[in-house]
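Chemist: I'd like to ask you about the structure that follows.
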Amino acid sequence: MAKKNTYFQDEVIKKKFDVRQFGRVLRYMSPYKGYFILVGVLMLVSAGLAMITPLLLKEIINNVVVTEEYRTLVFIIASMSVIAALEITVNFFHQRIMGIVGHKIICDVRKEIFYKLQELPFDYFDSKPNGKIVVRVTDYVNDLANFFSNYVLNLLSYAVKLIIVTFFMLGLSPRLTGIVFAVVIPMMVSIFTLRYFIRKEFAKLRAKNSNRSAFLVETIMGEKIVKSYNRTKSSEEIYNEIHDGCVQQWLRIFRRNELNTPIVETFWNFGTVCLYGVALSMILGGSAGVNAGLVVAFTSYMTQFSGPLTMIAILIQQLAQVSSNLEQVFDTIDYPVEIANEEDCEVLSDVEGRVDFNDITFAYDEGVNILEHFDLHVKPGETIALVGPTGAGKTTVINMLTRFYDVREGSVCIDGKDVRKVTLDSLRKEVGVLMQEPFIFKGTIMENIRYGRPDATDEECIEAAKSIYANGFIERFSDGYNHELEERGAGLSAGEKQLLSFARIILKNPSVVILDEATSSIDTETEALIQKALKKLLKGKTSFMVAHRLSTIRSADRILYISNKGIAEQGNHEELMALKGLYYALNS
Numbered sequence: 318m319a320k321k322n323t324y325f326q327d328e329v330i331k332k333k334f335d336v337r338q339f340g341r342v343l344r345y346m347s348p349y350k351g352y353f354i355l356v357g358v359l360m361l362v363s364a365g366l367a368m369i370t371p372l373l374l375k376e377i378i379n380n381v382v383v384t385e386e387y388r389t390l391v392f393i394i395a396s397m398s399v400i401a402a403l404e405i406t407v408n409f410f411h412q413r414i415m416g417i418v419g420h421k422i423i424c425d426v427r428k429e430i431f432y433k434l435q436e437l438p439f440d441y442f443d444s445k446p447n448g449k450i451v452v453r454v455t456d457y458v459n460d461l462a463n464f465f466s467n468y469v470l471n472l473l474s475y476a477v478k479l480i481i482v483t484f485f486m487l488g489l490s491p492r493l494t495g496i497v498f499a500v501v502i503p504m505m506v507s508i509f510t511l512r513y514f515i516r517k518e519f520a521k522l523r524a525k526n527s528n529r530s531a532f533l534v535e536t537i538m539g540e541k542i543v544k545s546y547n548r549t550k551s552s553e554e555i556y557n558e559i560h561d562g563c564v565q566q567w568l569r570i571f572r573r574n575e576l577n578t579p580i581v582e583t584f585w586n587f588g589t590v591c592l593y594g595v596a597l598s599m600i601l602g603g604s605a606g607v608n609a610g611l612v613v614a615f616t617s618y619m620t621q622f623s624g625p626l627t628m629i630a631i632l633i634q635q636l637a638q639v640s641s642n643l644e645q646v647f648d649t650i651d652y653p654v655e656i657a658n659e660e661d662c663e664v665l666s667d668v669e670g671r672v673d674f675n676d677i678t679f680a681y682d683e684g685v686n687i688l689e690h691f692d693l694h695v696k697p698g699e700t701i702a703l704v705g706p707t708g709a710g711k712t713t714v715i716n717m718l719t720r721f722y723d724v725r726e727g728s729v730c731i732d733g734k735d736v737r738k739v740t741l742d743s744l745r746k747e748v749g750v751l752m753q754e755p756f757i758f759k760g761t762i763m764e765n766i767r768y769g770r771p772d773a774t775d776e777e778c779i780e781a782a783k784s785i786y787a788n789g790f791i792e793r794f795s796d797g798y799n800h801e802l803e804e805r806g807a808g809l810s811a812g813e814k815q816l817l818s819f820a821r822i823i824l825k826n827p828s829v830v831i832l833d834e835a836t837s838s839i840d841t842e843t844e845a846l847i848q849k850a851l852k853k854l855l856k857g858k859t860s861f862m863v864a865h866r867l868s869t870i871r872s873a874d875r876i877l878y879i880s881n882k883g884i885a886e887q888g889n890h891e892e893l894m895a896l897k898g899l900y901y902a903l904n905s
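If you use the working numbering, the sequence shown corresponds to residues 318 to 905, in order.
Okay, structure coming up:
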């Protein structure tokens, strides 16, 4: 098990994101290359249209004003109006297409990260608070959506416009163009240097925002405990401390980020003054190539040059934040899937129920073994009960059977087949687990019962509920099995939630059944009824029961007392009581 990260610890991503990894981003863009080509053509058209207006201004100043050809003036103004309308239309379609494509790309990213979460081992979820996982799928991906929709193509658009404007400026005056680049180069060096430092600060902000989200989720999920133990004030103090850390980190970024505009304006204003000074000296010196019309046209191009340049500087700052978020998103996508179908694995079917744990050694944390050289051989149809102190390894035994965790040494076999050599789908179809903490999904009661067998009929679901005596509380609702349950089964008692979980596993009808403290939330009267139902459910099936309530395991074929990294005692109830050992003490 990876070391647990909590809400007061900043996450550290070992594999840093760099510019080269933006190639991965391009992979998401490749299915939409047709759209990108169309947008690229529209950008070129837009940039070309923008280049015509300064030349028309030059014509007005150098010729129309001198010759007073007002018909030509009207024609030029009309042409400028048409060009402006065309440019607005082209930009509208360019931005519309890019917005649609951007959100399609993010849809693909969201799907990939969600699908990956379905494959990740429990170790991943054990090592991070729920809030820190949720924020990766929501907030960070939302930032990426904004980046793809509003910035990626704009960045390319501005770059194209800069190149085209540069050619037009060179065509008017290479000398004046040289002045522009003498200013632009040191300005961009300054901006990139600033971006380097801000990117590090964004990584820290991302970690602190993640901490805040983790604490919020934890507090909301534990709301009843917080209030019942009068911890609201303490929670407020903790939140204020975490939130203040976010605010202070953002202010550090804000102070650095605000240097961006002064840097751009300082260099640009200095360059403008130099340009006018050189142009004036060239005109006064009688340079034939420089006149008032050329200076106005060049200044217009320079304005078109400065706009994209300023936006590129802003986009570079956005890139600092986005690259920081991409680190987290790709950290999840790249997390190794350690528990997966191996090559040439087979489908587990026609299960008799023989289960073997062969010389198993297991540890969640390296060097701290929970089980050592653990051996257990279960016959088909045998019921095994596991008891012992908390943390001894009872749940660990059943976790290895379902491949929630894989063994480090040894093997777990069902009907002689190593569980690592069979498909996960078939393994978990044949092995059913009823957890200590039942989970109810938002939806109807019928949908929750049918969760393990989507193809089951309504009649089969109702029969499963009746067999476990859940129909009593279900029929109290006016809409019965169609009653809509809230998130996590809000409004149901712990026992009612567990009864629905029992109905779910009865409907699934697995070959091997695991009950992990399954009756701990049920009153003794209901438990007696469930014991009768379980005899039918478990008849002829191999089953494992983990229990602290010893009344539920007395009828087990074998009871194992798990302690000291293995089986300390085993036998049926009468045999273990006669030993007067650890199990006897547990009953006493």
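Even glycine gets a Cβ: it sits at the ideal position worked out from N, Cα and C.
1) Between the alpha carbons of Ile417 and Asp648, how many angstroms are there, rounded?
2) Tell me the rounded alpha-carbon separation between Pro446 and Tyr900.
3) Assuming Phe409 is part of the alpha helix (DSSP H), what are its boundary residues?
4) Could you tell me the alpha carbon to alpha carbon distance between Val729 and Leu816, rounded to whole angstroms?
5) Compute the beta-carbon to beta-carbon distance between Tyr768 and Arg821, rounded to the nearest angstrom, for a pair I have assumed lies under 8 Å.
6) Name the one or two DSSP bridge partners that Glu726 has.
7) Can you tell me whether His690 is buried or exposed, with buried defined as 16 or more other CB within 10 angstroms of its CB?
8) Keeping to the same chain, check which residues put their C-beta closer than 7 Å to that of Val477; ignore five residues upstream and five downstream.
9) Do you know how far the Cα of Asp651 is from the Cα of Val454?
10) Strictly by DSSP, which residues pair up with Ser880?
11) Taking 7 Å as the limit between beta carbons, can you name the residues of its chain near Tyr441, skipping five residues before and five after?
12) Which complete beta strand (DSSP E) runs does the region 728–783 hold, if anything under 3 residues is left out?
13) Could you spell out where the alpha helix (DSSP H) holding Ser551 opens and where it closes?
14) Would you report the Cα separation of Ile480 and Phe622, rounded to the nearest angstrom?
15) Can you tell me where the beta strand (DSSP E) with Glu689 in it begins and where it stops?
16) Contact between the region 496–514 and the region 581–601 is defined here as three or more beta-carbon pairs at a separation below 8 Å; is this criterion met?
17) Can you check the region 450–510 for any alpha helix (DSSP H) of at least 4 residues that lies completely inside it and give the ranges in chain order?
18) For Asp742, tell me which candidate among Ala657, Leu851, Thr774 has the shortest Cα-Cα distance.
19) Leaving aside the five residues before and after Ala902 along the sequence, list all residues of the same chain whose C-beta is less than 7 Å from its C-beta, in chain order.
20) Based on the DSSP secondary-structure assignment, which residues constitute the bridge partners of Ala702?
21) Does DSSP classify Glu663 as helix, strand or coil?
22) In chain order, what residues of the same chain lie with their CB nearer than 8 Å to the CB of Ser530, ignoring the 5 residues before and after it?
23) If you measure between the beta carbons of Val500 and Met619, is that distance less than 8 Å?
24) Which residue marks the beginning of the alpha helix (DSSP H) containing Ile378, and which one marks its end?
25) Is the Cβ-Cβ distance between Phe679 and Leu665 less than 8 Å?
26) Quick one: grab the DSSP three-state call for Ile870.
27) From Ala885 to Ile879, what does the alpha carbon distance come to, in whole angstroms?
28) Classify Leu809 as helix, strand or coil using the three-state DSSP reduction.
29) Whole angstroms are fine: how far does the CA of Phe794 sit from the CA of Leu809?
30) For the beta strand (DSSP E) that Asp443 lies in, which residues bound it at each end?
31) Count the other CB atoms, across all protein chains shown, that sit within 10 Å of the CB of Thr370; report buried if there are 16 or more and exposed otherwise.
32) Would you give the residue range spanned by the beta strand (DSSP E) that Ile791 belongs to?
33) Tell me the rounded alpha-carbon separation between Thr740 and Lys734.
34) Which value, in whole angstroms, describes the spacing of the CA atoms of Ala319 and Lys711?
35) Near Val685, what residues of its chain come up, given a Cβ to Cβ distance below 7 Å and the 5 sequence neighbours on each side ignored?
36) Straight-line CA distance for Leu522 to Ile766?
Modeler: Result, derived from the coordinates:
1) In the sequence shown, residue 417 corresponds to position 100, counting from 1. In the sequence shown, residue 648 corresponds to position 331, counting from 1. Distance between the alpha carbons of Ile417 and Asp648: 27 Å.
2) Residue numbering aside, residue 446 sits at position 129 when the sequence shown is read from its first letter. Residue numbering aside, residue 900 sits at position 583 when the sequence shown is read from its first letter. Distance between the alpha carbons of Pro446 and Tyr900: 36 Å.
3) Within the sequence shown, numbered from 1, the residue matching residue 409 stands at position 92. Segment 387–436, the alpha helix (DSSP H) holding Phe409.
4) In the sequence shown, counting from the first residue as 1, residue 729 sits at position 412. In the sequence shown, counting from the first residue as 1, residue 816 sits at position 499. Looking at the two C-alpha atoms, the distance is approximately 30 Å.
5) Along the sequence shown, one-based indexing puts residue 768 at 451. Along the sequence shown, one-based indexing puts residue 821 at 504. Sure, about 6 Å apart at Cβ, within 8 Å.
6) Within the sequence shown, residue 726 is the residue found at index 409, counting from 1. Glu726 pairs with Thr678.
7) Along the sequence shown, one-based indexing puts residue 690 at 373. By the neighbour-count definition (other C-beta atoms within 10 Å, threshold 16), His690 is an exposed residue.
8) Here residue 477 refers to the residue found at position 160 of the sequence shown. The residues are Met360, Leu361, Ala364.
9) The count along the sequence shown starts at 1 and reaches residue 454 at position 137. The count along the sequence shown starts at 1 and reaches residue 651 at position 334. Straight-line Cα distance between these residues: approximately 14 Å.
10) For the purposes of this step, residue 880 is identified with residue 563 of the sequence shown, where counting begins at 1. Paired residues: Gly883.
11) Numbered from 1 along the sequence shown, position 124 holds the residue referred to as residue 441. Answer for Tyr441: Tyr652, listed in chain order.
12) 748–751
13) Translated into positions along the sequence shown, residue 551 becomes position 234. Note, Ser551: alpha helix (DSSP H), 549–574.
14) To locate residue 480, count along the sequence shown from 1; it is residue 163. To locate residue 622, count along the sequence shown from 1; it is residue 305. Cα-Cα distance, rounded: 9 Å.
15) The residue given as residue 689 occupies position 372 in the sequence shown. Run containing Glu689: 685–695, per the beta strand (DSSP E) assignment.
16) yes
17) 456–464, 470–489
18) Position 425 of the sequence shown holds residue 742. Among Ala657, Leu851, Thr774, the Cα nearest to that of Asp742 belongs to Ala657.
19) Translated into the one-based positions of the sequence shown, residue 902 becomes position 585. None.
20) Here residue 702 corresponds to residue number 385 of the sequence shown, with the count starting at 1. Partner(s): Met862, Ile876.
21) The residue given as residue 663 occupies position 346 in the sequence shown. In the structure shown, Glu663 sits in a strand (DSSP, three-state: E or B).
22) The sequence position of residue 530 within the sequence shown is 213, counting from 1. Excluding residues within five positions, the ones whose Cβ falls inside 8 Å are Gly448, Lys449, Val451, Val452, Asp456.
23) Numbered from 1 along the sequence shown, position 183 holds the residue referred to as residue 500. Numbered from 1 along the sequence shown, position 302 holds the residue referred to as residue 619. With a cutoff of 8 Å on beta-carbon distance, Val500 and Met619 are scored as not near each other.
24) By one-based count along the sequence shown, residue 378 stands at place 61. Counting along the chain, Ile378 falls outside any alpha helix (DSSP H), and DSSP gives it neither H nor E.
25) Here residue 679 corresponds to residue number 362 of the sequence shown, with the count starting at 1. Here residue 665 corresponds to residue number 348 of the sequence shown, with the count starting at 1. Contact flag unset, no.
26) Walking along the sequence shown from the start, residue 870 turns up at place 553. Reduced to three states, the DSSP call for Ile870 is coil.
27) Position 568 of the sequence shown, counted from the start, is the residue given in the question as residue 885. Position 562 of the sequence shown, counted from the start, is the residue given in the question as residue 879. Rounded to whole angstroms, Ala885 to Ile879 spans 6 Å at the Cα level.
28) Here the question's residue 809 lines up with position 492 in the sequence shown. Correct three-state label for Leu809: coil.
29) Here residue 809 corresponds to residue number 492 of the sequence shown, with the count starting at 1. Here residue 794 corresponds to residue number 477 of the sequence shown, with the count starting at 1. Approximately 11 Å, taken between the alpha carbons.
30) As a first step, residue 443 is located in the sequence shown; it is residue number 126 there, counting from the start. First-last for Asp443: 439–443, but that is the alpha helix (DSSP H), not the beta strand (DSSP E).
31) Start at 1 with the first residue of the sequence shown, and residue 370 comes out as number 53. Looking at its Cβ environment, which holds 16 or more other Cβ atoms inside 10 Å, Thr370 is buried.
32) Position 474 of the sequence shown, counting from 1, holds the residue named residue 791. Here Ile791 belongs to no beta strand (DSSP E); instead the alpha helix (DSSP H) covers 788–791.
33) To locate residue 740, count along the sequence shown from 1; it is residue 423. To locate residue 734, count along the sequence shown from 1; it is residue 417. Those two C-alpha atoms are separated by around 11 Å.
34) Stepping through the sequence shown from its first residue, residue 319 is reached at position 2. Stepping through the sequence shown from its first residue, residue 711 is reached at position 394. In this prediction, Ala319 has a pLDDT of 49, which is less than 50 and means its spatial position is unreliable; nothing more can be read from the coordinates.
35) Counting from one through the sequence shown, the residue named residue 685 turns up at place 368. Excluding positions up to five away in sequence, the list is empty.
36) For the purposes of this step, residue 522 is taken as residue 205 along the sequence shown, with counting starting at 1. For the purposes of this step, residue 766 is taken as residue 449 along the sequence shown, with counting starting at 1. Using only the alpha carbons, I get a separation of about 43 Å.
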